[in-house]
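Note that our numbering gives residue 75 to position 75 of the sequence shown, counting from 1, and the numbers run on in steps of one.
Note that CB positions come from ideal geometry on N, CA and C, so glycine has one too.
For reference, the structure is listed below as structure tokens.
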Amino acid sequence: MANIEELKQEFLEICRNSIKREGIEELLNWICSSDFFRAPASTKFHGSYPGGLLEHSMNVYRCLKKIVERYPEENISDETVAIVSLFHDVCKVHYYKTGTRNVKDESGKWITKEVYEVDEQFPIGHGEKSCIILQWFLKKLTVDELLAIRFHMGGFDAAVKGGDTSASRAYDQCPLAVMLHLADLEASYLIETKNQA
Ligand SMILES: [Fe+2]
Ligand SMILES: [Fe+2]
């Protein structure tokens, strides 16, 4: 687990240096007043500890930067890389609450453990919610940025599981959407699971 305060400063520095879009200061003010920097990234999978969401967002940023460098012909700007990676999971702001669960410890004794639980106040879809929240602040997101954030979950997306074909059409027309999904997978399954082991 990284130092949350150092990572937070790094996150804010990248935002201030790379994102010049109208509304970025308002977005950062909202982020700073929210639980973004102390929220987990999930209830029990990757990053299920305070600061997990921040750590995951930074990992996705680093992974996406490297993927984008391999495709210079796509002309994807540093600003776009920063927006779609650092904020792709902004839907997880004010999304988790702490609760308790009774579990057995190693000796078989029942103990009460603190756990994260989902407390969704705005159930409008995962990628969809991130797009909507960002649009409240940034003027404006491009079509490619919206497609990338909307479909960053790839085949794990509930609409895709239900048979919606929009994700594959988005991937056909938008290389950035494919790249963000790859970066999200790499961060979640190759980097963060290793850190927790
Ligand atoms: Fe996500
Ligand atoms: Fe993610």
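Legend entry - Glu25, enclosing beta strand (DSSP E) - first and last residue: For this step, residue 25 is matched to residue 25 along the sequence shown. Segment 24-33 is the alpha helix (DSSP H) holding Glu25; no beta strand (DSSP E) there.
Inset, instruction - Just tell me which of Leu147, Ser85, Leu54, Met179 has its CA closest to the CA of Gln9. - result: Within the sequence shown, residue 9 is the residue found at index 9, counting from 1. Of Leu147, Ser85, Leu54, Met179, the residue nearest in Cα terms is Leu54.
Legend entry - Simplified DSSP assignment, three categories, for Ile83: The sequence position of residue 83 within the sequence shown is 83, counting from 1. Ile83 falls in the helix class under three-state DSSP.
Inset, instruction - Look at Ser85 and Leu182 and say whether their C-beta atoms are less than 8 Å apart. - result: Sequence index remark: in the sequence shown, residue 85 carries index 85 (1-based). Sequence index remark: in the sequence shown, residue 182 carries index 182 (1-based). In this structure, Ser85 sits away from Leu182, with a CB-CB distance that is not shorter than 8 Å.
Inset, instruction - State yes or no: is the C-beta of Lys92 within less than 8 Å of the C-beta of Asp119? - result: As a first step, residue 92 must be located in the sequence shown, where it is residue number 92. As a first step, residue 119 must be located in the sequence shown, where it is residue number 119. Note that the C-beta distance between Lys92 and Asp119 is not below 8 Å.
Legend entry - Heavy atom of ligand 1 within 7 Å of Asp157 beta-carbon: Reading the sequence shown from its first residue, position 157 is the one you call residue 157. No.
Legend entry - Near ligand 1: His181 beta-carbon under 7 Å from a heavy atom: Your numbering for residue 181 matches position 181 in the sequence shown. The closest heavy atom of ligand 1 lies 7 Å or more from the beta carbon of His181.
Inset, instruction - Determine the burial state of Ala197: buried for a count of at least 16 other Cβ atoms within 10 Å of its Cβ, exposed for fewer. - result: Position 197 of the sequence shown, counted from the start, is the residue given in the question as residue 197. Low per-residue confidence applies at Ala197: pLDDT is 37, beneath 50, and the placement is therefore not dependable enough to give any value.
Inset, instruction - Please look up how many angstroms separate the CB atoms of Glu192 and Gly47, rounded, as I've assumed it's under 8 Å. - result: Working through the sequence shown from its first residue, we reach residue 192 at position 192. Working through the sequence shown from its first residue, we reach residue 47 at position 47. Indeed they touch by this definition, with Cβ atoms about 6 Å apart.
Inset, instruction - Compute the minimum distance between the beta carbon of His94 and the heavy atoms of ligand 1, and state whether it is under 7 Å. - result: Counted from its first residue, the sequence shown places residue 94 at position 94. No, since every heavy atom of ligand 1 falls outside the 7 Å radius drawn around the Cβ of His94.
Inset, instruction - Between the Cα of Glu69 and those of Thr142, Ile4, Leu176, spot the shortest distance and give me the residue it belongs to. - result: By 1-based counting over the sequence shown, the position of residue 69 is 69. Selected option, being the one with the closest Cα: Leu176.
Inset, instruction - Note down the Cα distance separating Lys65 from Phe11, rounded to an integer number of angstroms. - result: Your numbering for residue 65 matches position 65 in the sequence shown. Your numbering for residue 11 matches position 11 in the sequence shown. Each residue's alpha carbon lies about 14 Å from the other.
Inset, instruction - Quick one: grab the DSSP three-state call for Ile14. - result: As a working note, residue 14 is residue 14 in the sequence shown. Ile14 falls in the helix class under three-state DSSP.
Inset, instruction - Quick one: measure Cβ to Cβ for Leu134 and Val81, integer angstroms, because I've assumed they're closer than 8 Å. - result: In the sequence shown, counting from the first residue as 1, residue 134 sits at position 134. In the sequence shown, counting from the first residue as 1, residue 81 sits at position 81. A Cβ-Cβ separation of about 15 Å leaves Leu134 out of contact with Val81 under the 8 Å criterion.
Inset, instruction - Put Arg59 into one of helix, strand or coil per three-state DSSP. - result: The residue labelled residue 59 in the question sits at position 59 within the sequence shown. According to the sequence provided, residue 59 is Asn. The question's Arg does not apply to it. DSSP places Asn59 in helix when its eight states are reduced to three.
Inset, instruction - Put Gly127 into one of helix, strand or coil per three-state DSSP. - result: Numbered from 1 along the sequence shown, position 127 holds the residue referred to as residue 127. Three-state result, Gly127: helix.
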